[in-house]
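Heads up: the sequence shown is residues 1 to 200, going by the UniProt record's numbering. Down below is the structure, laid out as structure tokens.
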Amino acid sequence: EEYIKNQERLKPQNEKKEEERSVVDLIRGTPMIVGSLEEIIDENHAIVSPHAGSEYYVSMMSFVDKDQLEPGCSVLLNSKNYAVVGIMTDDVDPMVSVMKVDKAPLESYADVGGLEKQIQEIKESVELPLTHPEFYEDIGIKPPKGVILYGEPGTGKTLLAKAVANQTSATFLRVVGSELIQKYLGDGPKLVREIFQAAE
1 EEYIKNQERL
11 KPQNEKKEEE
21 RSVVDLIRGT
31 PMIVGSLEEI
41 IDENHAIVSP
51 HAGSEYYVSM
61 MSFVDKDQLE
71 PGCSVLLNSK
81 NYAVVGIMTD
91 DVDPMVSVMK
101 VDKAPLESYA
111 DVGGLEKQIQ
121 EIKESVELPL
131 THPEFYEDIG
141 IKPPKGVILY
151 GEPGTGKTLL
161 AKAVANQTSA
171 TFLRVVGSEL
181 IQKYLGDGPK
191 LVREIFQAAE
């Protein structure tokens with residue numbers, strides 16, 4: 001009799017688990033949307049943004065690790081009802097990952113010919129703040145945050161940037177300006193932020 005009572009008490013829980021298993025199986029075979037978590041409402045609900053300019057109040061599946069969730073993180077959404085079904089462990093946009101050059105640049109300043117003045121300027125404005133920030137702190141001035149290299153194609157701009165990346169052991173990202181123009185409002189600035197996060 002005790003056993004029967006326990007079975008009856010556990011029946012709703014087992015049914016719920018079975019239902020969740022079927023949902024998981026269904027989700028595994030469906031393409032998912034990568035969205036942004038805007039706000040956690042409670043244990044089972046959140047506000048998400050599948051793309052810039054739109055927000056939805058949705059359910060969070062019970063198997064999602066809630067400890068890893070925080071506003072601004074990338075989440076996987078069900079393509080039909082936008083329910084949160086997973087967390088993107090790497091918050092970097094796939095487009096940013098593609099921009100990363102896998103091998104560190106091997107070019108050095110010796111490979112750049114005839115740009116002694118420009119090399120000196122870039123050493124002072126980019127390399128020095130990265131390798132010796134204490135020089136700027138001692139003087140009490142803020143180091144430059146970046147430079148713009150401009151000129152005709154083939155004049156050594158990319159080569160110079162690679163040489164700086166090599167000298168400072170920095171991450172080199174190859175970015176085309178047109179890639180930052182996105183379909184939805186707000187996606188371009190978000191991509192720029194993620195590029196800087198990846199560079200750090």
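Just so you know, even glycine gets a beta-carbon here, dropped at the ideal spot from N, CA and C. Please read these numbers as outputs of a predicted model, since none were measured by experiment.
Please look up how many angstroms separate the CB atoms of I195 and L160, rounded, as I've assumed it's under 8 Å.
Residue 195 sits at position 195 when you count from the first residue of the sequence shown. Residue 160 sits at position 160 when you count from the first residue of the sequence shown. About 19 Å; that fails the 8 Å criterion.
Less than 8 Å between the CB atoms is what I'm expecting for M32 and L77, so what's the real figure, rounded?
Position 32 of the sequence shown, counted from the first residue, corresponds to residue 32. Position 77 of the sequence shown, counted from the first residue, corresponds to residue 77. Confirmed, Cβ separation roughly 6 Å.
Rounded distance between the beta-carbons of V85 and G35, thought under 8 Å:
Mapped onto the sequence shown, residue 35 falls at position 35. Mapped onto the sequence shown, residue 85 falls at position 85. About 11 Å separates the two Cβ atoms, so there is no contact after all.
Exposure of I148, with buried meaning 16 or more beta-carbon neighbours within 10 Å:
Within the sequence shown, residue 148 is the residue found at index 148, counting from 1. Burial call: exposed.
Segments of 3+ residues assigned as beta strand (DSSP E) that fall wholly inside the stretch 121–183:
none
Here's the rule I'm using: 16 or more other beta-carbon atoms within 10 Å means buried, otherwise exposed. How should D102 be labelled?
To locate residue 102, count along the sequence shown from 1; it is residue 102. Because D102 sits at a pLDDT of 48, beneath the cut-off of 50, its placement in the model cannot be relied upon, and the point is left open.
From what residue to what residue does the beta strand (DSSP E) around G86 run?
Position 86 of the sequence shown, counted from the first residue, corresponds to residue 86. Where G86 is concerned, the enclosing beta strand (DSSP E) stretches over 84–87.
Looking at the structure shown, is I41 part of a helix, part of a strand, or coil, going by DSSP?
Taking the first residue of the sequence shown as position 1, residue 41 is located at position 41. I41: coil per DSSP, three-state reduction.
Span of the beta strand (DSSP E) around N78
Taking the first residue of the sequence shown as position 1, residue 78 is located at position 78. Unbroken beta strand (DSSP E) run through N78: 74–78.
Express the C-alpha separation of Y109 and L115 in angstroms, rounding to a whole number.
Looking up residue 115 in the sequence shown gives position 115. Looking up residue 109 in the sequence shown gives position 109. Roughly 9 Å between the two C-alpha positions.
Burial state of L130, where buried means 16 or more other Cβ atoms lie within 10 Å
On the sequence shown, residue 130 is found 130 positions in, with the first residue counted as 1. Its Cβ having fewer than 16 others within 10 Å, L130 is exposed.
Would the beta-carbon of N81 be found less than 7 Å away from any heavy atom of the ligand HEM?
Questions concerning the ligand HEM fall outside what the structure shown contains, since it holds no ligand whatsoever.
Rounded C-beta distance between E55 and A46? I'm assuming under 8 Å.
The residue given as residue 55 occupies position 55 in the sequence shown. The residue given as residue 46 occupies position 46 in the sequence shown. Wrong, their Cβ atoms sit about 10 Å apart, outside the cutoff.
Here's the rule I'm using: 16 or more other beta-carbon atoms within 10 Å means buried, otherwise exposed. How should I122 be labelled?
For the purposes of this step, residue 122 is taken as residue 122 along the sequence shown, with counting starting at 1. So I122 ends up on the buried side.
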